[in-house]
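*Asks:* First residue of the sequence shown? That's 2 in my numbering, and the numbers climb one at a time after it. The structure follows.
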Amino acid sequence: MSGPIGTRYSVVVSEPGKDLHDGISNLHIMAQQFPQLEDTYKLGPKEMVVQIQAATVSYPDLMQTSEKYKPNRQYPFVAGFEFAGVILAIGDQVTEFTRGDAIMGTTKSGTLTTHTVVEEHQCLRLPQGLSYEQGR
Numbered sequence: 002m003s004g005p006i007g008t009r010y011s012v013v014v015s016e017p018g019k020d021l022h023d024g025i026s027n028l029h030i031m032a033q034q035f036p037q038l039e040d041t042y043k044l045g046p047k048e049m050v051v052q053i054q055a056a057t058v059s060y061p062d063l064m065q066t067s068e069k070y071k072p073n074r075q076y077p078f079v080a081g082f083e084f085a086g087v088i089l090a091i092g093d094q095v096t097e098f099t100r101g102d103a104i105m106g107t108t109k110s111g112t113l114t115t116h117t118v119v120e121e122h123q124c125l126r127l128p129q130g131l132s133y134e135q136g137r
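Here you go:
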């Protein structure tokens, strides 16, 4: 893959809220240039770049916005746990997937975005016949 992927848009939690309602008010959309894969961003051996097609927003996702959920978290961060998407690039030791595969998976955070980097073990192949929305 050559050149930048493009602008990445993410739902970012800028600071912790005292409670769930307060935390939700700290969600913002952030735009940033996603790095050029071959030059700037070096994938780990088992990492994959995924273009997110669908992601969930559920109670645990919203809980991430509150300081009561993980009080020692670094802010700002990209929210979200579950996703479905397409693999754009893979590390040199990824064995279960190839570029272009449709996958679904979970992470500790970082899925409410257009592109993310995940570890191979966090993903499953999206079953044929399931939409991205069903797979997330």
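Quick reminder that beta carbons are idealized off the backbone N, C-alpha and C, glycines included.
Got a sec? Which residues, its chain only, sit under 8 Å from G18 by beta carbon, not counting five neighbours each side?
*Replies:* Around G18: G24, I25, S26, N27, T66, S67, E68.
*Asks:* Do the CB positions of I91 and L125 come within less than 9 Å of each other?
*Replies:* Against a cut-off of 9 Å, the Cβ pair of L125 and I91 comes out as no contact.
*Asks:* For a test of the three-state rule: what should DSSP assign to Y60, helix, strand or coil?
*Replies:* In the structure shown, Y60 sits in a helix (DSSP, three-state: H, G or I).
*Asks:* Going along the chain, which residues of its own chain have a beta-carbon closer than 7 Å to the beta-carbon of T107, five neighbours each way excluded?
*Replies:* Excluding positions up to five away in sequence, the list reads F82, E83, Q123.
*Asks:* Give me the Cβ distance between V79 and G111, rounded to the nearest whole Å; I'm assuming they're in contact under 8 Å.
*Replies:* At roughly 4 Å, the Cβ-Cβ gap stays under 8 Å, so V79 and G111 are in contact.
*Asks:* Closest by CA to V58, which one among G130, T114, M31?
*Replies:* Among G130, T114, M31, the Cα nearest to that of V58 belongs to T114.
*Asks:* Would you mind stating whether A85 and E134 have Cβ atoms separated by less than 9 Å?
*Replies:* A contact, by the Cβ cut-off of 9 Å.
*Asks:* Could you spell out where the alpha helix (DSSP H) holding L21 opens and where it closes?
*Replies:* It spans 21 to 25 - the alpha helix (DSSP H) in which L21 sits, taken as one unbroken run.
*Asks:* What three-state label does DSSP hand Y10 in the structure shown?
*Replies:* Looking at Y10 - three-state DSSP - the assignment turns out to be strand.
*Asks:* Who are the near neighbours of M31 in its chain, counting only those whose CB is closer than 6 Å to its CB and skipping five residues on each side?
*Replies:* Here the set comprises S11, V13.
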